[in-house]
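Taken in order, these protein sequences are the chains called A and B. Sequential numbering of the first sequence, starting at 2, is according to our numbering. Sequential numbering of the second sequence, starting at 26, is according to our numbering. Working notes, beginning with the structure itself.
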Amino acid sequence: MKAHLVILVLVGATLPLLAQQPGQGQPSISTQRLKGPPTGPVPRLPDGTVDLSGVWVGGGPINDIEREGGLKPGELDALMRPSAKALMATRDVTMEPHNRCLPMGVPRTTPFPFRMVQTPTHKAATHIFMLQEGNIHSYRQVFMDGRKHPPDPDPTWYGHSIGWWEKDTLVIDTVGYNDKFWFDRRGTPHTEQLHTIERWTRLDLGRMENKVTIDDPGAFTKPFTVTFMATLSPQGDELMEYICQENNQYGVHTIPGFDPLTGETKK
Amino acid sequence: MRLSIAFILVAVSVLGGPRPVVAHHSITGEFDPSKPVTLKGQVTKIEWTNPHARIYIDVAQPNGTIVNWNIELAAVSALARNGWTRSALKIGDTVTVDGIHARSGAPIANARSVVLPDGRKVLSGAADQ
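Here's what the structure looks like:
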């Protein structure tokens with residue numbers, strides 16, 4: 002009897018909460034994420050290669066590459082060339098390229114997930130794709146077939162990426178970036194000389210470390226390494242459509258003098 | 026019996042937790058946190074779109090005129106991951122929106138909360154992340 006009473010009270014307490022989850026009898030994805038990433042051994046493909054596939058969140062900077070990447074305050078600033086500092090000083094958050102639905106570049110991430118896809122899976126992968134849900138719907142393509150970088154690649158948002166395995170770590174070496182994306186919301190800059198070496202290591206089922214060496218002699222006096230953690234999204238989470246251009250009203254009527262084509266504001 | 030109680034306890038703790046909020050950009054570039062607004066009005070339009078879902082509400086002014094406010098919510102994918110669908114609100118619903126005002130002063134706000142007359146908070150996840 003007592004047990005019944007307890008259940009009644011508990012059910013009563015639960016109902017309004019359930020009502021906040023329309024059409025679903027189970028916790029939402031973001032509520033499940035609060036429990037932390039799943040635990041368990043690193044999954045492997047039949048040939049023994051680490052299986053990185055899955056829907057992941059994070060693994061890069063968003064607000065501040067120095068702080069989020071594990072550097073000491075001021076450490077990055079001390080490496081920045083005067084030209085890079087001068088460029089950064091002209092930037093404010095309203096000028097962010099992704100406000101205009103442009104990609105995040107590397108190693109920056111978004112609050113939205115990405116899916117790692119290795120193909121083929123029955124033998125050594127020739128390609129790895131990172132399918133980005135947000136901002137914007139786009140993909141990174143990593144060539145795993147042993148090819149080299151082209152001698153003079155056209156500058157692009159994601160650059161030219163070649164990859165290989167070092168034991169259980171996926172190494173992605175990328176050159177050929179444009180200088181348009183920002184490493185973080187502070188506007189930490191780079192140049193077309195940027196060369197990144199990412200080391201992705203799946204630590205267990207639910208966590209994947211990304212240790213990135215950033216080498217850009219145009220913006221920094223020496224290379225530096227920052228470390229981030231991606232976490233596996235709960236089972237059942239999938240990439241969702243995110244067409245940023247659909248109804249992007251950024252700045253149009255909210256910031257006086259804002260030009261949505263250039264992202265600049267007439268003072 | 027023990028199992029059911031455990032299940033319900035888990036359900037309560039899981040469902041009752043705070044919901045993370047997600048935005049594709051920094052909110053404060055467009056909206057001024059020092060200018061909070063509270064708006065009560067009827068929903069005239071719902072845009073279940075990206076990069077932000079939006080609702081438009083008719084707000085009566087003290088002088089009797091009506092101003093249609095554009096209320097920015099989170100991304101659809103973020104709202105969906107928080108458990109919301111586009112049917113959480115319908116045209117004609119009366120809502121109270123707490124938010125922050127656009128820097129331009131136009132009738133546009135970024136929602137911190139959207140509350141129905143019965144006190145239910147809907148479409149949470151609109152603040153800067």
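Beta carbons are placed, not taken as given, at the ideal position from N, Cα and C, and that holds for glycine. Just so it is clear, the structure is predicted and the values come from calculations on it, not from any experiment.
Check T32/A in the structure and name its three-state DSSP category.
Within the first sequence, numbered from 1, the residue matching residue 32/A stands at position 31. T32/A: helix per DSSP, three-state reduction.
State yes or no: is the C-beta of F229/A within less than 8 Å of the C-beta of G106/A?
Position 228 of the first sequence, counting from 1, holds the residue named residue 229/A. Position 105 of the first sequence, counting from 1, holds the residue named residue 106/A. It is not a contact, given that the beta carbons lie outside the stated cut-off.
By DSSP, does V94/A sit in helix, in strand, or in coil?
Residue 94/A sits at position 93 when you count from the first residue of the first sequence. Helix, per DSSP.
When the Cβ atoms of the region 198–216 of chain A are set against those of the region 85–97 of chain A, are three or more pairs found closer than 8 Å?
Output reads no: the region 85–97 of chain A does not touch the region 198–216 of chain A.
Among the residues of its own chain, which have a CB less than 7 Å from the CB of F184/A, if the five just before and after it don't count?
As a working note, residue 184/A is residue 183 in the first sequence. Cβ within range, chain order: P62, I66, R109 and H191.
Specify, as a first and last residue, the run of the beta strand (DSSP E) that V172/A falls within.
For the purposes of this step, residue 172/A is taken as residue 171 along the first sequence, with counting starting at 1. Taken as a continuous stretch (DSSP letters only), the beta strand (DSSP E) holding V172/A covers T170 to V176.
Quick one: does the C-beta of I91/B sit closer than 7 Å to a heavy atom of the ligand ZN?
In the structure on display, the ligand ZN does not appear, and there are no ligands present to speak of.
Taking 8 Å as the cut-off, decide whether the C-beta atoms of I82/B and V122/B are in contact.
For the purposes of this step, residue 82/B is taken as the residue at position 57 of the second sequence. For the purposes of this step, residue 122/B is taken as the residue at position 97 of the second sequence. Yes, Cβ-Cβ distance for I82/B and V122/B is below 8 Å.
Measuring alpha carbon to alpha carbon, tell me which residue in T266/A, G207/A, G258/A and G252/A is nearest G37/A.
As a working mapping, residue 37/A is identified with position 36 in the first sequence. Comparing Cα positions, the closest option is G207/A.
Return helix, strand or coil for D83/B, following the three-state DSSP convention.
In the second sequence, counting from the first residue as 1, residue 83/B sits at position 58. The answer is strand: DSSP assigns D83/B an E or B state.
Using the Cα positions of Q236/A and L262/A, report the straight-line distance between them to the nearest angstrom.
On the first sequence, position 235 is the one that residue 236/A refers to. On the first sequence, position 261 is the one that residue 262/A refers to. Distance between the alpha carbons of Q236/A and L262/A is about 39 Å.
Quick check: what's the CA-CA separation for F144/A versus S54/A?
Residue numbering aside, residue 144/A sits at position 143 when the first sequence is read from its first letter. Residue numbering aside, residue 54/A sits at position 53 when the first sequence is read from its first letter. Roughly 16 Å separates the two Cα atoms.
So if DSSP puts W94/B in a beta bridge, which residue, or which two residues, is it bridged to?
The count along the second sequence starts at 1 and reaches residue 94/B at position 69. Answer is I82/B, bridged to W94/B.
Nearest chain A C-beta to S51/B closer than 8 Å, yes or no?
In the second sequence, counting from the first residue as 1, residue 51/B sits at position 26. Yes, S51/B lies at the interface with chain A (some Cβ there is under 8 Å from its Cβ).
Using a Cβ-Cβ distance under 8 Å, would I96/B count as near chain A?
Here the question's residue 96/B lines up with position 71 in the second sequence. Cβ-Cβ to chain A under 8 Å: no for I96/B.
Determine the chain A residues that contact R137/B at a beta-carbon separation under 9 Å, and present them in chain order.
Numbered from 1 along the second sequence, position 112 holds the residue referred to as residue 137/B. Those do not exist, as R137/B stays about 16 Å from chain A at its closest Cβ, beyond 9 Å.
State the start and end residues of the unbroken alpha helix (DSSP H) segment that holds A103/B.
Taking the second sequence and counting its residues from 1, the one referred to as residue 103/B is at position 78. Residues V101 to R106.
Taking 8 Å as the CB-CB cut-off, is G108/B touching chain A?
Counting from 1 along the second sequence, the entry for residue 108/B is found at position 83. Closer than 8 Å: yes.
What's the C-alpha gap between D118/B and I129/A?
Against the second sequence, residue 118/B aligns to sequence position 93. Against the first sequence, residue 129/A aligns to sequence position 128. The straight-line gap from Cα to Cα measures roughly 47 Å.
Examine chain A for any beta-carbon lying closer than 8 Å to the beta-carbon of P58/B, and answer yes or no.
Taking the second sequence and counting its residues from 1, the one referred to as residue 58/B is at position 33. Judged by the 8 Å Cβ criterion, P58/B is not in contact with chain A.
Around the C-beta of Q290/A, are 16 or more other C-beta atoms found within 10 angstroms, so that it is buried, or is it exposed?
One cannot answer for residue 290/A here, as it falls past the ends of chain A, which runs 2 to 268.
Answer yes or no: does any C-beta atom of chain A fall closer than 8 Å to that of G89/B?
Here the question's residue 89/B lines up with position 64 in the second sequence. It does not; no Cβ of chain A falls within 8 Å.
Determine the direct distance from the alpha carbon of P112/A to that of S31/A, and round the result to whole angstroms.
The residue labelled residue 31/A in the question sits at position 30 within the first sequence. The residue labelled residue 112/A in the question sits at position 111 within the first sequence. Those two C-alpha atoms are separated by around 11 Å.
Could you give the distance in angstroms between the alpha-carbon of H196/A and the alpha-carbon of P257/A?
Stepping through the first sequence from its first residue, residue 196/A is reached at position 195. Stepping through the first sequence from its first residue, residue 257/A is reached at position 256. Approximately 38 Å, taken between the alpha carbons.
Applying the 10 Å Cβ sphere with the 16-neighbour rule, what's the burial state of R148/A?
Position 147 of the first sequence, counted from the start, is the residue given in the question as residue 148/A. Per the 10 Å Cβ criterion, exposed.
Reducing DSSP to helix, strand and coil, say where P45/B ends up.
Translated into positions along the second sequence, residue 45/B becomes position 20. Any reading at P45/B must be qualified, since the residue scores a pLDDT of 37, below 50, and its modelled position is unreliable; the value itself is stated next. DSSP places P45/B in coil when its eight states are reduced to three.
Do D57/B and I125/B have their C-beta atoms closer together than 8 Å?
By one-based count along the second sequence, residue 57/B stands at place 32. By one-based count along the second sequence, residue 125/B stands at place 100. The answer is yes: Cβ separation under 8 Å.
Taking the beta carbon of A87/A as the centre, do at least 16 other beta carbons fall within 10 Å, making it buried, or is it exposed?
Locating residue 87/A in the first sequence gives position 86, where the first residue counts as 1. Looking at its Cβ environment, which holds fewer than 16 other Cβ atoms inside 10 Å, A87/A is exposed.
Quick one: Cα of P23/A to Cα of K115/B, how far?
For this step, residue 23/A is matched to residue 22 along the first sequence. For this step, residue 115/B is matched to residue 90 along the second sequence. Because the pLDDT at P23/A is just 43, under 50, the model does not fix this residue reliably, and the value given afterwards should be weighed accordingly. The alpha-carbon atoms of P23/A and K115/B are separated by roughly 13 Å.
Looking only at C-alpha atoms, which of N100/A, T214/A and V118/A sits nearest to Q246/A?
Counting from one through the first sequence, the residue named residue 246/A turns up at place 245. The shortest Cα separation from Q246/A among N100/A, T214/A and V118/A belongs to N100/A.
Sort G54/B, Q67/B, L141/B and I96/B by Cα distance to W210/B and report the nearest one.
What is shown of chain B runs 26 to 154, which leaves residue 210/B out entirely.
Report the rounded CA-to-CA distance for D294/A versus F221/A, giving the unit in angstroms.
In the structure as shown, chain A starts at 2 and stops at 268, and residue 294/A therefore has no counterpart that could be examined.
Go ahead and label D217/A buried or exposed: buried means 16 or more other beta carbons lie within 10 angstroms of its beta carbon, across all protein chains shown.
Indexing the first sequence from 1 puts residue 217/A at position 216. That one is buried.
Taking the alpha helix (DSSP H) that I66/A belongs to, which residues open and close that run?
As a position in the first sequence, residue 66/A is number 65, starting the count at 1. It spans I66 to E69 - the alpha helix (DSSP H) in which I66/A sits, taken as one unbroken run.
If we ignore side chains and look at the alpha-carbon of each, how far apart do G66/B and G252/A end up?
The residue you call residue 66/B lines up with position 41 of the second sequence. The residue you call residue 252/A lines up with position 251 of the first sequence. Spanning the two alpha carbons is a distance of roughly 24 Å.
To be precise: take each residue of the region 57–76 of chain B, compare its Cβ to all Cβ atoms of chain A, and keep it if any distance is under 8 Å. Which residues remain?
Within the region 57–76 of chain B, the qualifying residues are E72, T74, N75 and P76.
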